[in-house]
Amino acid sequence: MIEKKLQQAVATALKNLYGIEAAPETVTLQTTKKEFNGDYTVVVFPYVKQARKSPEQVGNDLGAAVIQMVEEVSDFNVIKGFLNFSVADSYWMQFVAERVGDTAYGLTNAAPDAKPVVVEYSSPNTNKPLHLGHIRNNLLGWSVSELLAANGANVKKVNLVNDRGIHICKSMLAWLRYGNGETPESSGMKGDHLVGKYYVEFDKHYKEEVSALVKEGMEEEEAKKQAPLMLEAQQMLKRWEEGDKEIRDLWSKMNGWVYAGFDETYRRLGVGFDKIYYESNTYLLGKELVQKGLDLGVLFRKEDGSVWCDLTGDGLDQKLLLRRDGTSVYMTQDLGTALLRHNDFGAEQLIYVVGNEQDYHFKVLKLILGKLGFDWADKVYHLSYGMVELPNGKMKSREGTVVDADDLITEMEATAEEMCREHGKNDDLTEDQRRELYHILALGALKYFILKVDPAKNMLFNPAESIDFNGNTGPFIQYTYARIRSIVRKAEEQCITLSDKLNISNHSLDDKERAVIKCLHDLPGTIATAAENFSPAMVANYAYDLAKNFNSFYQDTPILREENADIKAFRVQLCAVVAQALYNTMKILGIQLPERM
RNA sequence: GGUUCCGUAGCUCAGCUGGAUAGAGCAACUGCCUUCUAAGCAGUAGGUCCUGCGUUCGAGUCGCAGCGGAAUCACCA
3 MIEKKLQQAV
13 ATALKNLYGI
23 EAAPETVTLQ
33 TTKKEFNGDY
43 TVVVFPYVKQ
53 ARKSPEQVGN
63 DLGAAVIQMV
73 EEVSDFNVIK
83 GFLNFSVADS
93 YWMQFVAERV
103 GDTAYGLTNA
113 APDAKPVVVE
123 YSSPNTNKPL
133 HLGHIRNNLL
143 GWSVSELLAA
153 NGANVKKVNL
163 VNDRGIHICK
173 SMLAWLRYGN
183 GETPESSGMK
193 GDHLVGKYYV
203 EFDKHYKEEV
213 SALVKEGMEE
223 EEAKKQAPLM
233 LEAQQMLKRW
243 EEGDKEIRDL
253 WSKMNGWVYA
263 GFDETYRRLG
273 VGFDKIYYES
283 NTYLLGKELV
293 QKGLDLGVLF
303 RKEDGSVWCD
313 LTGDGLDQKL
323 LLRRDGTSVY
333 MTQDLGTALL
343 RHNDFGAEQL
353 IYVVGNEQDY
363 HFKVLKLILG
373 KLGFDWADKV
383 YHLSYGMVEL
393 PNGKMKSREG
403 TVVDADDLIT
413 EMEATAEEMC
423 REHGKNDDLT
433 EDQRRELYHI
443 LALGALKYFI
453 LKVDPAKNML
463 FNPAESIDFN
473 GNTGPFIQYT
483 YARIRSIVRK
493 AEEQCITLSD
503 KLNISNHSLD
513 DKERAVIKCL
523 HDLPGTIATA
533 AENFSPAMVA
543 NYAYDLAKNF
553 NSFYQDTPIL
563 REENADIKAF
573 RVQLCAVVAQ
583 ALYNTMKILG
593 IQLPERM
């Protein structure tokens, strides 16, 4: 890598010239801003004091020394304290030649013995359909998994379905009362939406009951607890936990509907899992851990029998782990599932893609795992992401302001269709091919829209404005790819083969051409940095930058129109490598690229 | 109230380990399709990087304080 060579050379020169000891990796090397001449810039300010010379002098001294040491460096200039190196065109052209046909460019395979990195994401409740917030979770989870895999990790994707609890009982109860035996088949409604409908139905009647009780003079808090529907739902949960066959059968039936619905949504989103855990199977895990914690003395029991972990030493509160009736809570379950997952996979790292509303929960989870003596506690990483907000605030299912996942995908497909018809470039495709294209573009727009934003930040979605297809968007990148593929197809028709050895040693790159190559050159480093930061957004922004550079090059540089056959072939090769880079980065985002559009 | 996260152009967002005159897209305005896909390209306009203090040769980036927004602090999950 040229970057390392430069850093090494600068470090050596610093020692030889001034006796300054600097580790190569501490030499700040950055790409030169485009308003200056050069490709890489070294900032020399940090050394002027020790060198006892002016920044310009230090820059010139270092530049003169480095150009002798690194054969790829063709020139340098110094402006103020900035030492700009130019890299010879031959290096860039050689770089392109070496990447031609490399379908894995930028990607690192996992070592055969790499321990798994387990990524949990999605983790839906089974009482309502998925909404835009879940979409962000699913896309992030999938993409981060792909990103880590692209950076050499052995990734396992897992889903922990929250399939039991009071929420599903509410849906079940409402269905029994008001459903008249309605099924997905009889209603033509997707299973998850049908069950969600009864969850809303429950809430409606429950609220009526509460307000009736309040009218009779009961305190609202009390009314919420005493409403018959709530009592009945709790009763149902108890019967579920006792294994009551009637309840379990109904539960299985309705959850089955939901899973069929979820599968459909997952399929459309293009996400999937290596393993699916169900909370009904794991919710009792963790109790043994609590006992172990009591034995170790890191947990304590209060007079009423409840069990707690004292985290005041860590600046937090006490955390409940077992209720006084001995039942477990969310944290207890998560302790259990963490251990289960660690044991199932022999995992190197456990990553949880969960919204930032649970920052506190995961902080506590890690602490307690540590107190229980698991040395892998620090391998738990909470990939916390911000909320998706609407123009008037957070999505609230009770207020009917959620953006439904299925509806959104359908709308995006309709928009894609509209855009395609407007452009009228695909009239000769079959109906199936067109549908496929609409889907690819719709999902490309949606995924890019969501993934280009830094996970840590809340993001805004305005339902009144459809997601863009122009500018910094998924379709922009898809379009760039389709254009390149068109060129490569035409080149093949002209019998230009990518593997040709070219006689281009006299060719000097033009600025646009060099800019594209330099951007391509950054791909491996970008993926590494993005993976370290668990940030698909960095990959998305890189891909946009590459596509933008390419389009600018494409606009005013002849490719197939180039008269010199070798230069023409070289540019076709460059196109092919750019296409591959776009393909590999978009794959990390879960975005498909069309051959034409 | 405690803790955590966020605050960059009218709007949506970039800005990696501190480095040169803070960048894109959308929206507005100008040009460019008889030539490789105009879902594109080139340009104009748009900034108190929330505020203040500090560290540094150098701060959008680091520290402290304040302001604004969000989340969380359940015997819910």
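For the first sequence, this note's numbering begins at 3 and goes up steadily by one.
All C-beta atoms, glycine included, are put in the ideal place defined by N, C-alpha and C.
Outcome for residue i when other beta-carbon atoms lying within 10 angstroms are tallied against a minimum of 16
{"i": "Leu2", "result": "In the structure as shown, the chain starts at 3 and stops at 599, and residue 2 therefore has no counterpart that could be examined."}
{"i": "Asn18", "result": "exposed"}
{"i": "Cys600", "result": "This structure leaves residue 600 out entirely; the chain is present only between 3 and 599."}
{"i": "His344", "result": "buried"}
{"i": "Arg573", "result": "buried"}
{"i": "Arg437", "result": "exposed"}
{"i": "Asp41", "result": "buried"}
{"i": "Ser282", "result": "buried"}
{"i": "Thr432", "result": "exposed"}
Three-state class that DSSP yields for residue i in the structure shown
{"i": "Pro118", "result": "strand"}
{"i": "Phe451", "result": "helix"}
{"i": "Glu203", "result": "helix"}
{"i": "Met3", "result": "coil"}
{"i": "Lys159", "result": "strand"}
{"i": "Gly261", "result": "The displayed chain sequence assigns Tyr, not Gly, to residue 261. DSSP places Tyr261 in helix when its eight states are reduced to three."}
{"i": "Phe275", "result": "coil"}
{"i": "Asn464", "result": "coil"}
{"i": "Lys396", "result": "strand"}
{"i": "Lys321", "result": "strand"}
{"i": "Gln435", "result": "helix"}
{"i": "Glu223", "result": "helix"}
{"i": "Gln9", "result": "helix"}
{"i": "Ile81", "result": "strand"}
{"i": "Phe376", "result": "coil"}
Whole-angstrom distance between residue j and residue i, CA atom to CA atom
{"i": "Glu350", "j": "Ile137", "result": "27 Å"}
{"i": "Ala229", "j": "Leu453", "result": "43 Å"}
{"i": "Leu215", "j": "Gln237", "result": "20 Å"}
{"i": "Glu218", "j": "Glu224", "result": "12 Å"}
{"i": "Thr329", "j": "Cys311", "result": "16 Å"}
{"i": "Lys227", "j": "Leu233", "result": "7 Å"}
{"i": "Tyr383", "j": "Leu392", "result": "28 Å"}
{"i": "Thr643", "j": "Lys520", "result": "Because the chain here runs from 3 to 599, residue 643 falls outside it and cannot be looked at."}
{"i": "Phe463", "j": "Lys247", "result": "44 Å"}
{"i": "Ala447", "j": "Lys365", "result": "34 Å"}
{"i": "Ile569", "j": "Ala581", "result": "18 Å"}
{"i": "Ala25", "j": "Glu5", "result": "14 Å"}
{"i": "Arg54", "j": "Thr30", "result": "20 Å"}
{"i": "Asp461", "j": "Val455", "result": "The residue you asked about is not Asp; residue 461 is Met in the sequence shown. Whole-angstrom Cα-Cα distance: 7 Å."}
{"i": "Val518", "j": "Leu525", "result": "11 Å"}
{"i": "Asp261", "j": "Leu385", "result": "A small fix is needed here, since residue 261 is Tyr in this sequence, not Asp. Answer to the nearest angstrom: the Cα atoms are 25 Å apart."}
{"i": "Ser507", "j": "His523", "result": "20 Å"}
{"i": "Pro465", "j": "Val405", "result": "8 Å"}
{"i": "Val490", "j": "Lys36", "result": "29 Å"}
{"i": "Leu132", "j": "Met414", "result": "16 Å"}
{"i": "Leu239", "j": "Gly167", "result": "7 Å"}
{"i": "Asp578", "j": "Ala66", "result": "Per the sequence shown, the amino acid found at residue 578 is Ala instead of Asp. If you take the alpha carbons of Ala578 and Ala66, they lie about 37 Å apart."}
{"i": "Glu305", "j": "Leu318", "result": "22 Å"}
Residue i versus the options, residue with shortest Cα-Cα distance
{"i": "Val541", "options": "Met389, Ala532 and Thr475", "result": "Ala532"}
{"i": "Val45", "options": "Leu16, Ile249 and Tyr201", "result": "Leu16"}
{"i": "Ala176", "options": "Lys192, Tyr200, Lys158 and Glu187", "result": "Tyr200"}
{"i": "Arg326", "options": "Arg303, His344, Tyr546 and Gly338", "result": "Arg303"}
{"i": "Glu179", "options": "Met71, Ser188, Met191 and Tyr208", "result": "What sits at residue 179 in the sequence shown is Arg, not Glu. Of Met71, Ser188, Met191 and Tyr208, the residue nearest in Cα terms is Tyr208."}
{"i": "Asn586", "options": "Ala113, Arg485 and Ile479", "result": "Ile479"}
{"i": "Leu173", "options": "Asn257, Asp336 and Val68", "result": "The residue asked about is misnamed: residue 173 is Ser in this sequence, not Leu. Checked all of Asn257, Asp336 and Val68; the closest Cα to Ser173 is Asn257."}
{"i": "Ser537", "options": "Pro114, Val146 and Gln59", "result": "Val146"}
{"i": "Lys492", "options": "Ser468, Ala530, Asp470 and Ile561", "result": "Ile561"}
{"i": "Gln320", "options": "Tyr362, Phe347 and Asn283", "result": "Tyr362"}
{"i": "Phe451", "options": "Thr14, Asp91, Val50 and Leu141", "result": "Leu141"}
{"i": "Ala545", "options": "Lys503, Glu534, Ile506 and Ile590", "result": "Ile590"}
{"i": "Asp513", "options": "Ala90, Ser213, Trp242 and Glu413", "result": "Ala90"}
{"i": "Glu290", "options": "Ala418, Leu324, Ile168 and Lys206", "result": "Leu324"}
{"i": "Pro48", "options": "Asn79, Asn39, Val12 and Phe78", "result": "Val12"}
{"i": "Thr284", "options": "Ala484, Ala549 and Asp165", "result": "Asp165"}
heavy atom of the ligand MN below 7 Å from residue i C-beta
{"i": "Glu359", "result": "As for the ligand MN, it is missing from this structure, which has no ligand bound."}
- Is the region 353–361 touching the region 113–123 in the sense that three or more CB pairs, one from each, lie closer than 8 Å? yes
- Task: Give a yes or no on contact between the region 399–411 and the region 472–486, applying the rule of three or more CB pairs nearer than 8 Å.
- Result: no
- Message: Check whether the region 549–565 and the region 140–160 touch, using three or more Cβ-Cβ pairs below 8 Å as the test.
- Response: no
- Task: Would you check if there are 3 or more beta carbon pairs closer than 8 Å linking the region 79–88 to the region 57–68?
- Result: yes
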